[in-house]
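2 protein chains.
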Amino acid sequence: MKKFINKLDDVLIESLSGFAQAHADLVNLSLNPHFLSRKKPAANKVALISGGGSGHEPLHAGYIGYGMLDAACPGHVFTSPTPDQMLTAAEHIASDKGVLFIVKNYAGDVMNFEMAAEMLSVENATVYTSDDCAVVNSTYTEGRRGVAGTVIVEKCVGSLAETGASLADCKALGEKVNVRTSSMGVALTSCTVPAAGRPTFAIGDNEIEMGVGIHGEPGRHRVKMQEADAIVNECVKAILADWQQKQLCLKGQPEALLLVNGFGATPLMELYLIYHSAATLLKKHGIAISRSLVGNYTTALDMAGASVSLCLLDDEIKHHWDSPVHTAALRWGC
Amino acid sequence: MKKFINKLDDVLIESLSGFAQAHADLVNLSLNPHFLSRKKPAANKVALISGGGSGHEPLHAGYIGYGMLDAACPGHVFTSPTPDQMLTAAEHIASDKGVLFIVKNYAGDVMNFEMAAEMLSVENATVYTSDDCAVVNSTYTEGRRGVAGTVIVEKCVGSLAETGASLADCKALGEKVNVRTSSMGVALTSCTVPAAGRPTFAIGDNEIEMGVGIHGEPGRHRVKMQEADAIVNECVKAILADWQQKQLCLKGQPEALLLVNGFGATPLMELYLIYHSAATLLKKHGIAISRSLVGNYTTALDMAGASVSLCLLDDEIKHHWDSPVHTAALRWGC
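From first to last, the protein sequence lines are chains A and E. Using this note's numbering, read the first sequence as starting at 155 and increasing by one per residue. Using this note's numbering, read the second sequence as starting at 155 and increasing by one per residue.
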């Protein structure tokens, strides 16, 4: 294993410290327990808190700032944060409007965020993201996994929260965006967790894992390497089948946001090629792509691979996607 | 080789098409010859054109837009663009103010941009970037290589050009930023050029290449894998020695921009750890880091590795770094 690290025990804190130093205008890092929060806490709004295992950067700390999250609680690599992190973060930033947790649906995260919610004296609610349509139930989940679509949820709810909207309205928008978003990923290689020191799973030189999870969990099946168009076709088909399953109305010309997300080790050149392939295919299916995002937004350490996420837009979601945001990883209009 | 591609011959055009579709609000893609240019051409300003071999994305197309480049000419992977690309792009976007080429110092790029400059009827000038302090002369260069510091040059000159500044003033600022910027990179793995289908160079499981170039060219030496702090220390030492060599004045408390750049396959978590290590070290050397950039800004396809760039700031450079920019890969203030 070759990684830019010092002592294994210090990886997380050194990385978080670097993040907080590089973005000192945006975030504060609190220690014991660890959480990151906005430099300029926003008053009189629902406080949005997310978190999860580290290794998915820029998720979630990279989305702290105006128009998105108020705080993020990073666990160790691929390990849930502990309830005291969420509790302390929530008590630190909560206003009278309450706290909304945005949680990717993994058993450990769900349990620990639930415990924090129970202990929290402030009014609170939780949105669970479950956009991954590859598998139902998996290594770390009951039900579907939350993956890159979480970024779209955090962006839209973040925008609504800035307007002073109620906790119930923020939760409702988060759930709406989650339902309207489906994702499917594929791995060309494994990732390597620093503390493990070896690849999470074995995969042949000519094999890929369709529907892989963002920790390297198994997906739908292991197949031979194929051309990009064939891989993208399987992802898009799975997503559109999922939309049908969810009974999303596709009358008229549906409009969508297309997110092509790199898992960490895939060149941007290939991500744009995937985008081209997916956009061409979706056009044939009568779907108009009016919003796009291409890059490494929800990663799996050093995994070579990518995911395709599609969010069915309406005027409300478009408005909140387009609104100003100022975070380390997403920034526009500010 | 596992990559998200279809036919080898189509990689570049499919990727560029995806880029142009995903950023249709920012850029137009022209074909035969290939170049990308601003959707809304800017009048009455020096036109800034860069380019070079593909594989370094987001460099250069990702920097087209307000406050940065007017056009970019992508060659095939790690191959110089041809003079007709630069010539056609320049004729397409030039105003009376002239054209400034920003060219990384590689023999092929230098030759082809020079040929375009000779054929171009519009007044023009060229800034060559050469921030890599690892080696003088190398596989593809006479003199030093231009690497990630090019992004800082393009950002600052882009800002100045928007004010209607003269060609001479834009060139002068570009050369000033280049001289004040030094970079040093390190590779943990090779990259794989799609058309070659195998790693560009062999490297042992416990070896790293210090001073590597962004095409996998040899650097200073091959050493055993070390802790991040030791690697960063060698980079920072080389950079500060280079500053001394260039007789940059370091009196008082020098202020610098620290860019930690990933080569394509290095997790953000490790890049922030490198940032933390470099910032800690630079502080000990009495250097204040007042501007930061961490991420994949000048890549080498799927190479695991990173570079550290340091730009000695003054009020002029700070002003132009901070000014609004709206491109696919860098955006703030707009």
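Ideal Cβ positions, reconstructed from N, Cα and C, are used throughout, including at glycine.
Given that a residue counts as buried once 16 or more other Cβ atoms are within 10 Å of its Cβ, and exposed if not, what is D469/E?
-> Answer is exposed; the Cβ neighbour count stays below 16.
If we call anything under 7 Å between Cβ atoms a contact, is R224/E one with A201/E?
-> The residue you asked about is not Arg; residue 224/E is Asp in the sequence shown. Yes; because the gap between Cβ atoms is below 7 Å, this pair is in contact.
Buried or exposed for M423/E, please, with buried defined as at least 16 other CB atoms from any protein chain shown within 10 angstroms of its CB.
-> Of the residues assessed, M423/E falls on the buried side of the cut-off, its CB having 16 or more other CB atoms within 10 angstroms.
Report buried or exposed for L162/E, applying the criterion of at least 16 other Cβ atoms within 10 angstroms of its Cβ.
-> That one is exposed.
Taking the C-alpha atoms as reference points, what is the distance between F189/A and P348/E?
-> F189/A and P348/E: Cα-Cα distance of roughly 41 Å.
Over what stretch of residues does the alpha helix (DSSP H) that includes P489/E continue unbroken?
-> This structure does not reach residue 489/E, given that chain E is present from 155 up to 488, and the question cannot be answered.
Tell me where the alpha helix (DSSP H) around H375/A begins and ends.
-> No alpha helix (DSSP H) contains H375/A, which is instead part of the beta strand (DSSP E) from 375-378.
With a 10 Å radius around its C-beta and 16 neighbouring C-beta atoms as the bar for buried, classify M265/E as buried or exposed.
-> With fewer than 16 Cβ atoms within 10 Å of its Cβ, M265/E is classed as exposed.
Just checking my contact of G172/E with Y426/A at CB under 8 Å: how many whole Å lie between their CB atoms?
-> Sure, about 4 Å apart at Cβ, within 8 Å.
Where do the ends of the alpha helix (DSSP H) carrying M457/E lie?
-> The continuous stretches of alpha helix (DSSP H) do not include M457/E, and DSSP gives it neither H nor E.
Pick out whichever of K438/A, L342/A, E388/A, H214/A has its Cα sitting closest to the Cα of S463/A.
-> Among K438/A, L342/A, E388/A, H214/A, the Cα nearest to that of S463/A is on E388/A.
Which of the three DSSP states, helix, strand or coil, is assigned to N259/A?
-> Of the three classes helix, strand and coil, the one that applies to N259/A here is coil, per DSSP.
Report yes or no: is there a C-beta of chain E within less than 7 Å of the C-beta of G172/A?
-> Taking Cβ atoms only, chain E reaches closer than 7 Å to G172/A, which makes this a yes.
Identify which residue in H230/E, M273/E, S249/E has its Cα closest to the Cα of G262/E.
-> Of H230/E, M273/E, S249/E, the residue nearest in Cα terms is H230/E.
In chain E, what lies closer than 9 Å to I362/A by C-beta?
-> Correct list: K156.
Locate the alpha helix (DSSP H) running through V331/A, then write down its first and last residues.
-> If you look at V331/A, you'll find it in the alpha helix (DSSP H) that goes 321-333.
State yes or no: is the beta carbon of G418/A nearer than 7 Å to at least one beta carbon in chain E?
-> Taking Cβ atoms only, chain E reaches closer than 7 Å to G418/A, which makes this a yes.
C-alpha distance - L467/E paired with V366/E, whole-angstrom precision = Cα to Cα, L467/E sits roughly 25 Å from V366/E.
C-beta contact flag for G205/E and C227/E at 7 Å = Cβ atoms of G205/E and C227/E: closer than 7 Å.
Is E363/E closer than 7 Å to A341/E when the C-beta atoms are compared?
-> For A341/E and E363/E, yes; Cβs fall inside 7 Å.
L162/E at chain A interface by Cβ criterion, 7 Å = So, not an interface residue.
Any chance you could list the beta strand (DSSP E) runs of at least 3 consecutive residues sitting entirely within the region 426-466 of chain E, in chain order?
-> Qualifying beta strand (DSSP E) stretches, in chain order: 442-449, 459-466.
Could you run through the region 205-222 of chain E and flag, in chain order, every residue whose CB is less than 7 Å away from some CB of chain A?
-> Per Cβ criterion, the list reads S208, G209, E211, P212.
T354/E and G303/E closer than 7 Å at C-beta = No, the Cβ-Cβ distance between T354/E and G303/E is not below 7 Å.
Rounded straight-line distance, which links the Cα of A271/A to that of V331/E = When rounded, the distance between both Cα atoms is 51 Å.
Of the choices C287/A, M457/A, G219/A, I385/A, whose alpha-carbon is the least far from that of I357/A?
-> Considering only alpha carbons, the answer is M457/A.
Out of W475/A, Y451/A, T453/A, A419/A, state which residue places its alpha-carbon closest to the alpha-carbon of S444/A.
-> Taking each of W475/A, Y451/A, T453/A, A419/A in turn and checking the Cα distance to S444/A, the smallest one comes out for W475/A.
Cross-chain neighbours of D476/A in chain E, by beta carbon under 9 Å = Chain E residues near D476/A: none, gap ~11 Å exceeds 9 Å.
DSSP on D286/A, reduced to helix/strand/coil?
-> Correct three-state label for D286/A: strand.
Touch check for the region 436-450 of chain A and the region 415-422 of chain A: three-plus C-beta pairs under 8 Å?
-> Verdict: yes, contact present.
Check whether the Cβ of H430/A lies closer than 7 Å to any Cβ atom in chain E.
-> Yes, H430/A lies at the interface with chain E (some Cβ there is under 7 Å from its Cβ).
Enumerate in chain order the residues of its own chain whose CB-to-CB distance from A279/E is below 6 Å, with the five nearest sequence positions on each side excluded.
-> Listed in chain order, the non-local C-beta contacts of A279/E below 6 Å within the same chain comprise L254, L321, K325, local neighbours out to five positions each way being set aside.
Since N360/A and R298/A are thought to touch, with beta carbons under 8 Å apart, how far apart are those beta carbons, to the nearest angstrom?
-> Going by Cβ atoms, the distance from N360/A to R298/A rounds to 29 Å, so no, they are not a contact pair.
Rounded straight-line distance, which links the Cα of G406/A to that of D286/A | Rounded to whole angstroms, D286/A and G406/A show a C-alpha spacing of 26 Å.
Who are the Cβ neighbours of L394/E in its own chain at under 7 Å, not counting the five residues just before and after it?
-> Residues H439 of the same chain have their beta carbon placed closer than 7 Å to that of L394/E, with the five preceding and five following residues left out of the count.
Please report the residue range of the alpha helix (DSSP H) in which A395/A lies.
-> Its alpha helix (DSSP H) spans residues 382-399.
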